[in-house]
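In what follows, a structure is listed as structure tokens, so that the remarks can point back to it.
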Amino acid sequence: MIHTLTNLSVSAVTIMAPLLLAATGGLFTELSGMLNIALEGLMLVGAFASIAGVYFTDSILLGLLIGVVSSMLLSMILASVTLYLKANVFITGLAANLFASGITVILSFHLFGNRGVITFDTLKELPDLFTGFAQQMPLIAGYHVLTYLSVVLLVAAWVLLYRTRFGVRLRGVGFHEQALASLGLSPHRYRFAACVLSGLYAGLGGAALSLHLGSFVPNITAGRGWIALVAVFLGQRRPIGILLASFIFAFAEAFSNYAQGAWSVPSDFLLAIPYAISLFAIIFYSVFETRKKRIEYRKD
Amino acid sequence: MRKIERFSVLEYFVRSLFGILAIVLLSVIMLIAAIFLLSDQPLTSIASFFAGPFSSLYAIGNMIDHAVPLAIGAVGIALAMRSGNMNIGGEGQVYAGALVTTIVALALPGWGLTGILVALAASMLVSGSVATLSGWLRERWNVSDLITTFLLSNIIILVVDYMVAYPFVDPQTNLISTRFVDPSYHLLIILPPSQLNIALCIALVCVLVAHLFLYRSRTGFELRMVGDNEEFARYAGVDHRLYRILPMTLSGALYGLGGALAILGTYHATIKGFSAGMGWNALLVALIARFKPAAIIPAALFFAYIDAGARSAMFYSDVTYEIAYIVQAVIFFLISSSILQRIALGRRRV
Amino acid sequence: MTAAVRMKSITKIYPETQKRANDQVDFTLLPAEILSLAGENGAGKSTLMKILYGLISCDSGEILVHGQPFAHPSPIEAGKRGIGMVHQHFMLVEEFTVTENVVLGEESTAPTGLLDRRQNRQRVAALIEKHHFSLSPDDRVMSLSVGQKQQVEILKMLMRDVNILILDEPTSVLTQLEIDSLFTTLRKLQSHGVSIILITHKLHEIKNISDRVAVMREGRMVGVYETAEVSEEDIARAMMGDEGLSVVRKERRQLNLDPVLSVAHLSLIRHNQDHPLLDDISFTVHPGEILGCAAISGNGLGQLESVLLGNLPVSSGEILYHDEVLTSVHHTATTRKRGIPFVPSDRLFTGCSLSAKVSDNVIATSRKRFFPPFNVSRKEIESYTSHLIETYGISATPSAPIGTLSGGGIQKVILAREIERIRDLIICCEPTWGLDVNSTAFIHRQIVQLRNDGVGVLLISSNIDEILALADRLLVFSRGSVSARFSASQMASLTKEELSPFLLGKKRMEVEGA
């Protein structure tokens, strides 16, 4: 039992990395007052560009850089159109997702002559860290480098958002745009920066997905960008909450993977578990919040 | 005074037409540029992209046939969005509608027209209920409909996948698919040899009814009021809670209907994943149409044209189908920009 | 001595309404003076100050700050020249602490690039200390009172070393104590050499605090006076022009019919407020009379309106229309379902739907009449709208979005819409707030006409002149309860001076019944 739980947690942490990265990216835009439904597309572009980058440069670092820059480019287009051409952020977000799913397949066809699953046999693998301690401390040692990075970058995001001039202003824009504008600070600039940061994080999230897998599949993200958005809401737009929400979702996915091997329940039902858990979580959270508000309102 | 107004309406119409043409032109230029970049035989690719969908009656009919479920789904989305609701769970709702219709048709072989009506009603009921649940959750507990529709849709897709793969699978085919429905359930083909069928008429009726409903009925008027300004609607005595639920029900039901008609008219069996993209595409069609029912027909046809063009280009040349996504995305970026629109409409400020 | 600010022949025409908000305005602010910029709502004083602060640009004119030309004003440039503005609606991030709000845009950072939180806090604490504000640097702004929030706004300006401070209607939401403390602060700033512009229309405050007063009317500067040399009456005359206070003439009517609207022992209690928002309010409205409810804003009129609209559930008491219960502890919102004509105070967001056509706005409250439940032709709707537009002299077309109309135009549409469905009662909340003189006079005439036709009118207004000119009977609210009631006979001779202690809550009348 304990053993299973440990195993589940270990695989949950690996599954969590891409999700947590994307959700942290979503946190920036959310706090700056933008609904970012393009996380999915940003992840997808990051996933493709990074694995293609690693393949062609034979360097993890350069590959990651290519992946991240690509998704940041897309997020810049998204931000420019939304902010400076005054477009509806929902529509531009959908457009960015559409664009991402198109461009990845087109490029994969042109670069690798394949529109389906691309497996790279000779690909450099993501290095695992602290493998020496994996036996004694399986919960915290032995993961690949991006898993550690996802947590480090979450802390970095917290520092950036809550302990720097830039972050305080970014959150200020989200809360009260005019307050910033009346001091001569440009809300658009902070939103743009938030969008680019979300591109950076989501791109890394995508890279964590494809590089860990060692292959690229069209639509490899499979809704993870959306789930990341759910995690932002569920985590109450706070870094620690996001970590928790991401872990819960990842644990559910790890459980569903485990159960597919262990039990004879149809896999489709098990695959639905993470979504169902997210759904119930968001419902319970909303019920709780509404109740709290109503009680505050009614009490004498 | 009346005269001036009429003139300005005409002028507005001409200008918005001009604006849309400009956007279409711009995206066509980008498409051609992309093809030159990606294709070794760009001229063939361009020709097959633009002319392919019109190459034969068969191609034209199939193109229109593809537009039908998109249009029906888009009508539902238009109703939801006009009332300030959000339903992005179309993928699951279309798929569920398709499966329910198939099940009914398989369960009641030979019922003919009655069976068709029962099957359509059942699919609308199921998909409508799913969307209603999201609407109710928002009304009651303020749960984001954006998120619940999406999550519910993903769950439903997996459940339907399971149903198609296990309880209802047809063991005699290689596809993961249900059995084919009885021919008495097939909708009448109106443009043989293509698959275009009388579902087209149903789509047209849906658009017309939705238009009349929105602009000519009290309920539709109240629905628009809530969407424009909920505070004002409440002030005017509209039961705003009803309009958080009813439009969701309608949009779910219409998604279900779209899926059901695709089965009875075109596919005749639920194949695993056959409707992937339909829900999103219907949402996109509604967005192009700016949630105006009358604009949904051209928007859906335009969408289907790009889709068919990309298919044809893929078939006859070395371009991949996904180029359609790129064109669509570019159109969205352009069409949603209120600045570009204002330039196109010649208004300086609002 | 160079003037702190000199503005020469400033003209501003809003393109949306073609209204001349500022017409060849000249304006001078001397160093270290407190100047009141007075005028009615819509006189153009806010526009002038927004131009100075760079929020909007003027069509023509010249601005000099400390003798230097100020050619391309923007809030950033204004800040560099030492101009600061405290807006009527606070520009504070409610979720942030006092410190975070005050240093926003001026944060101290440590060499690491991170915020130096201790130093930021100390800077703010020192400033608070220096000006004797009742604030803690660590309080969240959302937990502060309105007066404290204003102090935070002023701190923000002080942090930026402003020497020209513009305050937009700073006292409109403050209690008397808070006003006194604000004025003390302003005098102290003045003694430190800060020039202060106070946008206001409250006469006694102008007399009380300012050295000079500049008066605007209908977009023009009509006079600048040394405050000591003019009386409140003089200022009022300058603000209002020759037509003065007598907007409409009242004809008394004696009617003893049953009330159309009765409010009985209405209370509204919230646990996070130290006193009830509404405390045991009772009154009746009879046919053929205007019952006025007056208060300084923030004293319960807004809550009364929300309760009448059905947006807030009441804690006790009930509201009756004839004998029918509209609102009680268990019922909310039936006022609107019953379809009682109602002119809400927030005309832009509650009273209309800005993006919808004028015609759709006009029929919004009589949907059953125009959609029974279907209506295939819109002709009837259009012709009805045209009819109203003509009858009420509104400059609009039925198919234009109502948001393209001027404020006065929008209010006329709302009033016309509601008047057309009147049976025997109408509720009007702040019906002329922010409107120009002509629209105001028009609306006042309409309200009196309704009363003369035998309609009961409940007039809720924080505009005391309006209340005195229109109301047959009057209720004065202070801190959520009724501080005075004036009967029809008392109203005839009632003056603003007699009223003000009740408005301010300094005096209370112990009278039962109204």
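Residue numbers (this note's numbering), protein chains in the order written: chain A, 1429 to 1728; chain B, -1 to 348; chain C, 6 to 519.
Even for Gly, the Cβ is constructed at its ideal location relative to N, Cα and C.
Asked: DSSP state of V158 of chain B mapped onto helix, strand, coil; Found: helix
Asked: Proximal chain C residues relative to S121 of chain B, where beta-carbon distance stays under 7 angstroms; Found: Those within 7 angstroms of S121 of chain B in chain C number zero; the least Cβ separation is about 27 angstroms.
Asked: Cβ of T1592 of chain A within 8 angstroms of any chain E Cβ; Found: Protein chains A, B and C are contained in the structure displayed, whereas chain E is not.
Asked: Spatial distance of I1534 of chain A from A1450 of chain A (CA atoms); Found: 24 angstroms
Asked: Proximal chain C residues relative to D226 of chain B, where beta-carbon distance stays under 9 angstroms; Found: S358, L359, S360, A361, D365
Asked: Proximal residues to G225 of chain B (C-beta, below 7 angstroms), its chain only, five neighbours per side dropped; Found: R80, S81, G82
Asked: I61 of chain C - DSSP class collapsed to helix/strand/coil; Found: coil
Asked: Any C-beta of chain B under 8 angstroms from that of A421 of chain C; Found: no
Asked: Coil, strand or helix - D166 of chain C by DSSP; Found: coil
Asked: Chain A residues whose Cβ lies nearer than 8 angstroms to that of P80 of chain C; Found: A1609, S1610, L1611, G1612
Asked: Chain C contact residues for V1715 of chain A, given Cβ-Cβ distances below 7 angstroms; Found: Going along chain C, no residue has its Cβ under 7 angstroms from V1715 of chain A, so there is no contact; the nearest lies around 20 angstroms.
Asked: Neighbour-count burial assignment, I15 of chain C, 16 or more Cβ in a 10 Å radius; Found: buried
Asked: For G297 of chain C, the nearest candidate out of C:V487, C:P116, C:L172 (CA to CA); Found: C:V487
Asked: Rounded C-alpha distance that separates L1493 of chain A from S1478 of chain A; Found: 7 angstroms
Asked: Cβ separation of L1447 of chain A and A1659 of chain A, assumed to be a contact under 8 angstroms, to the nearest whole Å; Found: 7 angstroms
Asked: Contacting positions in the stretch 312 to 323 of chain C - beta carbon closer than 9 angstroms to chain B; Found: L314, G315, N316
Asked: Start-to-end residues for the alpha helix (DSSP H) that takes in M276 of chain B; Found: 276 to 286
Asked: Any alpha helix (DSSP H) of 4 or more consecutive residues that is wholly inside the stretch 69 to 130 of chain C; Found: 80 to 85, 103 to 108
Asked: Sheet register partners of Y1590 of chain A (DSSP bridge); Found: None; Y1590 of chain A has no bridge partner.
Asked: T332 of chain C, buried or exposed, once every other Cβ within 10 Å from all chains shown has been counted against 16; Found: buried
Asked: C-alpha distance - G461 of chain C paired with G305 of chain C, whole-angstrom precision; Found: 22 angstroms
Asked: CB contact check: R216 of chain B to chain C, cutoff 8 angstroms; Found: yes
Asked: Validate contact between the stretch 1604 to 1620 of chain A and the stretch 1482 to 1500 of chain A using beta carbons, cut 8 angstroms, 3 pairs; Found: no
Asked: Close beta carbons around E82 of chain C, own chain, < 8 angstroms, minus the five adjacent residues each side; Found: G59, F75
Asked: Helix, strand or coil at L208 of chain C [DSSP, three-state]; Found: helix
Asked: Test item: CB-CB of A43 of chain C and V220 of chain C under 8 angstroms; Found: yes
Asked: Local conformation of S267 of chain C per DSSP, three classes; Found: strand
Asked: Between the CA atoms of N1525 of chain A and G1469 of chain A - distance to the nearest angstrom; Found: 4 angstroms
Asked: DSSP three-state assignment for K1514 of chain A, whether helix, strand or coil; Found: coil
Asked: Identity of the residue in C:Y397, C:I39, C:R490 nearest A233 of chain C by Cα; Found: C:I39
Asked: Alpha-carbon spacing of K55 of chain C relative to L149 of chain B, whole angstroms; Found: 48 angstroms
Asked: Runs of alpha helix (DSSP H) wholly within the stretch 1591 to 1678 of chain A (minimum 4 residues, chain order); Found: 1593 to 1603, 1605 to 1609, 1615 to 1641, 1652 to 1662
Asked: A1562 of chain A versus E89 of chain B - alpha carbon distance; Found: 42 angstroms
Asked: CB-CB length for I452 of chain C against L475 of chain C, believed under 8 angstroms; Found: 6 angstroms
Asked: CB contact below 8 angstroms: R1543 of chain A versus chain C; Found: no
Asked: Coil, strand or helix - Q1564 of chain A by DSSP; Found: coil
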